[in-house]
Amino acid sequence: MKFHVVTIFPEFFRGPFEHGVVARAQEAGKLRITIHDLRDWTSDRHKTVDDRPFGGGEGMLLKPEPLFAAVETVFAERATGQRDPARRVVLLSAQGRKFDQAAARRLGEASELLLICGRYEGVDERVAEHLADEELTIGDYVLSGGELAAAVVIDAIARLIPGVLGNADSAVRESFAADAGVLDCPQYTRPAEFRGWRVPEVLLSGNHDQIRRWREQAALEKTARLRPDLTEAAPPDFKYDRKN
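So this is what it looks like as structure tokens:
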């Protein structure tokens, strides 16, 4: 899968994509990430990418001209009014729909994904209406720009690409992995006792059927405790199927 990121701070991504799963996936050829400097598509000597909003108000907006030029260069068919459903354009902003695991799976079906990083007070609305396929946010809060959001989106999608994770079963039963509304169950490792707190005995029993049932119940209980807003979405026949 190919990712493109359009940003005014290309140097930001020297850190997030040079470590961990995403770095290993790039080295293995499972995905490719190209960072594009929005200022490369400006036409004035000051490389201006922003301007004041019509009607007044605080802050500056990213201008439409360089953004349209950037996207139509990377995805050439856009310049002729065509859209390839396998090549998606996403605008990252605080006004978008919330990005979640379902969105990660859906976007992961594309062959190429271009992420536009918003900045300043926002982006000219014509970008959202006529250039982007969708507008997403990673949470109900305001970031200084879309760069952090782009790193989050790419990391979440990358983990779902076959062969990216060292163990293919790692993504089978994570929080939100398969059953909407259910978090992952509590996990423990050695030592079996730490400062007087013991690992649940069932996990030490070696009885896989009992362990599975415990995990199902523990996952539901943890979801109800930490994310009660999700409990209604939990499937009535939820089964915890992490392989032992």
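Each residue of the sequence shown is one higher than the one before, counting from 6 in the working numbering.
A virtual CB, placed ideally from N, CA and C, is assigned to each residue, including glycine.
- Looking at the backbone, the Cα of Thr-142 and that of Gly-25 are separated by about 23 Å.
- For Lys-103, the enclosing beta strand (DSSP E) has its first and last residue at 92 to 103.
- Of the other Cβ atoms in all chains shown, fewer than 16 fall within 10 Å of the Cβ of Glu-114; this residue is therefore exposed.
- Assigned with DSSP and collapsed to three states, Phe-73 falls in helix.
- Here Arg-131 is actually not in contact with Pro-71; their C-beta atoms are around 13 Å apart, not less than 8 Å.
- By the criterion of a C-beta distance shorter than 7 Å, Arg-232 is surrounded in its chain by Leu-188, once the five residues flanking it on both sides are discounted.
- For Val-27, the enclosing alpha helix (DSSP H) stretches over residues 25 to 32.
- For Leu-165, no beta strand (DSSP E) segment is defined, and its DSSP state is neither H nor E.
- In this structure, the straight-line span from the alpha carbon of Arg-124 to that of Pro-167 is close to 33 Å.
- For Ile-13, the three-state secondary structure derived from DSSP is coil.
- If you look at Thr-228, you'll find it in the alpha helix (DSSP H) that goes 213 to 231.
- Per the coordinates, the alpha-carbon of Asp-145 lies some 8 Å from the alpha-carbon of Lys-103.
- Here Arg-230 is exposed. Its C-beta has fewer than 16 other C-beta atoms within 10 Å.
- Here Ser-116 is exposed. Its C-beta has fewer than 16 other C-beta atoms within 10 Å.
- Residue environment: Thr-228 is assigned as buried (16 or more neighbouring CB atoms within 10 Å of its CB, all protein chains considered).
- According to the DSSP secondary-structure assignment, Phe-8 is paired through a beta bridge with Ile-38 and Leu-118.
- Comparing alpha carbon positions, the residue from Arg-44, Val-204 and Leu-118 closest to Thr-194 is Val-204.
- In terms of CA proximity to Arg-164, Leu-112 leads the group Leu-112, Arg-44 and Ala-75.
- In the DSSP secondary-structure assignment, Arg-124 is bridged to Gly-150.
- Here Arg-92 is buried, its C-beta having at least 16 other C-beta atoms within 10 Å.
- Residue pairing from DSSP leaves Phe-22 without any beta-bridge partner.
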